[in-house]
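With full-length UniProt numbering applied, the sequence shown covers 1 to 294.
Every residue gets a Cβ at the ideal spot worked out from N, C-alpha and C, and that includes glycine.
Working notes for the structure below.
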Amino acid sequence: LSGSPRAFVKYLYNPDRTPHPEPFIKGVENSFGNPRIRKRFYQKYYQLLMHGQFPHKETKLCLVGPPDSGKTSWFTPFQGIIPARYIAGVMNDGRFSAAMIESNTQIFMMDEWTPDSLSCEDAKRVLQGGMNFVPQKHKNGWRINYNSGFFITTNEYPDFGNQTDCDAIRKRLEVFQTSSLKRRDTSVSGWLRMNCMEVFHYLADYLRDEPIFDAPSHLQPNAVQTGAIYNDFDFNPMSLMYRDEMDRFCLSQPPSAGTNAATNENVDDEDEANNDDNTALVQALDHAIIQADR
Numbered sequence: 001l002s003g004s005p006r007a008f009v010k011y012l013y014n015p016d017r018t019p020h021p022e023p024f025i026k027g028v029e030n031s032f033g034n035p036r037i038r039k040r041f042y043q044k045y046y047q048l049l050m051h052g053q054f055p056h057k058e059t060k061l062c063l064v065g066p067p068d069s070g071k072t073s074w075f076t077p078f079q080g081i082i083p084a085r086y087i088a089g090v091m092n093d094g095r096f097s098a099a100m101i102e103s104n105t106q107i108f109m110m111d112e113w114t115p116d117s118l119s120c121e122d123a124k125r126v127l128q129g130g131m132n133f134v135p136q137k138h139k140n141g142w143r144i145n146y147n148s149g150f151f152i153t154t155n156e157y158p159d160f161g162n163q164t165d166c167d168a169i170r171k172r173l174e175v176f177q178t179s180s181l182k183r184r185d186t187s188v189s190g191w192l193r194m195n196c197m198e199v200f201h202y203l204a205d206y207l208r209d210e211p212i213f214d215a216p217s218h219l220q221p222n223a224v225q226t227g228a229i230y231n232d233f234d235f236n237p238m239s240l241m242y243r244d245e246m247d248r249f250c251l252s253q254p255p256s257a258g259t260n261a262a263t264n265e266n267v268d269d270e271d272e273a274n275n276d277d278n279t280a281l282v283q284a285l286d287h288a289i290i291q292a293d294r
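Structure below.
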């Protein structure tokens, strides 16, 4: 991925061979015998590789089930390709802190989610993605645009008491129910980390003809974008707007060609180019204001 520093393990890619990571496949099939549910899980799981590309309010992966179902071990393949400094998690006391999310965070891992570790208000805010205000200890707070994935596990789905809040959080999640494994094998977690590329190669082939995200048609790459979908490494605010949309929604009167808007004097080509750049910026701001008002 562009602008996404990854520490790939050594892996010899062969386009004529699709790997079969049996420990991973067997664990998934144990919980998701229904092929339709299994494919859906694979899709949400594979999304976690898409750092900075999550559409706004894309549902996040949440695994609910007994402690011996293997759900936590399914995170280890990501640890094999993503450096630890780009993985966020809960603090030492088991509580969530927005300060753990930084501009280069690629994935957030929350194991054993409870109402105490991630509160209702925090869950509603961070799970929808997009711009968030992050407090900093002994520093001024700052805003961060987080459009990457969450990997959440819990033995029991949290009950926040208020049904309205529970419904709001549930809409932000894709919940999968896991089942206990017939036999525990402590070596599986290490195997998944060392063979992480086999897992992702298998998933890429399995999902070859499937969309990665569920974004509606107006949020597809060739459509008008109304949200910040780019990560902090390659963000270009002008790329969020399309020229035809800026012209259609423009509120500001651009200066006439070859004329200085303030003095009506003729300007050279270089000044005219600068005016065009300024006009485009004003149009982009106008468009953003209209979208926000909607």
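Closer than 6 Å by C-beta to residue i: which residues in its own chain qualify, once you throw out the five before and the five after it? Chain order, please.
i: Thr-18; result: Asp-205
i: Pro-23; result: Val-188, Trp-191
i: Tyr-13; result: none
i: Pro-35; result: none
i: Tyr-230; result: For Tyr-230, the predicted model reports a pLDDT of 40, less than 50, meaning its position is unreliable and no value from the coordinates is stated.
i: Tyr-157; result: Val-64
i: Gly-80; result: Val-9, Arg-193, Cys-196
i: Cys-166; result: Phe-160
i: Cys-120; result: Phe-160, Asp-165
Residues in its own chain within less than 7 Å of residue i by CB, not counting five upstream and five downstream?
i: Pro-15; result: none
i: Tyr-42; result: Leu-203, Tyr-206, Leu-207
i: Asn-195; result: Pro-21
i: Ser-73; result: Val-188, Ser-189, Leu-192
i: Gly-227; result: With a pLDDT of 42 at Gly-227, under the threshold of 50, the predicted position of this residue should be treated as unreliable, though the coordinate-derived value follows. Cβ neighbours of Gly-227 beyond the five flanking positions: His-56, Gly-130.
Just tell me which of the options has its CA closest to the CA of residue i.
i: Ala-168; options: Arg-95, Met-197, Val-126; result: Val-126
i: Ser-69; options: Asp-214, Phe-200, Lys-182; result: Lys-182
i: Asn-147; options: Arg-172, Pro-83, Met-50; result: Met-50
i: Asp-116; options: Glu-198, Gln-53, Phe-96, Gly-65; result: Phe-96
i: Val-28; options: Ser-180, Thr-114, Pro-158, Ile-101; result: Ser-180
i: Leu-61; options: Asn-145, Gln-128, Asn-162, Arg-143; result: Gln-128
i: Pro-66; options: Glu-210, Val-199, Phe-54, Ser-31; result: Ser-31
i: Gln-53; options: Phe-200, Asn-145, Gln-79, Thr-76; result: Asn-145
i: Lys-171; options: Lys-124, Phe-75, Met-91, Arg-85; result: Lys-124
i: Val-90; options: Asp-122, Ile-37, Ser-103, Pro-77; result: Asp-122
i: Tyr-86; options: Ser-103, Thr-76, Gly-33; result: Ser-103
According to the Cβ coordinates, are residue i and residue j closer than 8 Å?
i: Phe-160; j: Leu-63; result: no
i: Val-9; j: Met-197; result: yes
i: Phe-213; j: Glu-58; result: yes
i: Thr-164; j: Lys-71; result: no
i: Lys-44; j: Glu-174; result: yes
i: Phe-78; j: Leu-48; result: yes
Below 8 Å CB to CB, which residues in the same chain sit around residue i once its five sequence neighbours on both sides are set aside?
i: Asp-185; result: Pro-23
i: Arg-248; result: Because the pLDDT at Arg-248 is just 38, under 50, the model does not fix this residue reliably, and the value given afterwards should be weighed accordingly. Hits under 8 Å: none found.
i: Ile-25; result: Tyr-202
i: Tyr-46; result: Phe-200, Leu-203, Ala-204, Leu-207, Ile-212
Does residue i have its Cβ less than 8 Å from a Cβ in chain C?
i: Ser-97; result: Annotation note: the requested chain C is absent from the structure, which comprises a single protein chain.
Give the DSSP bridge partners of residue i, in chain order.
i: Thr-153; result: Leu-63
i: Glu-174; result: Leu-61
i: Asn-145; result: Met-131
i: Ala-88; result: Phe-108
Does the region 100 to 107 touch the region 152 to 167, meaning 3 or more C-beta pairs lie closer than 8 Å? Counting Cβ pairs under 8 Å, fewer than three are found: no touch.
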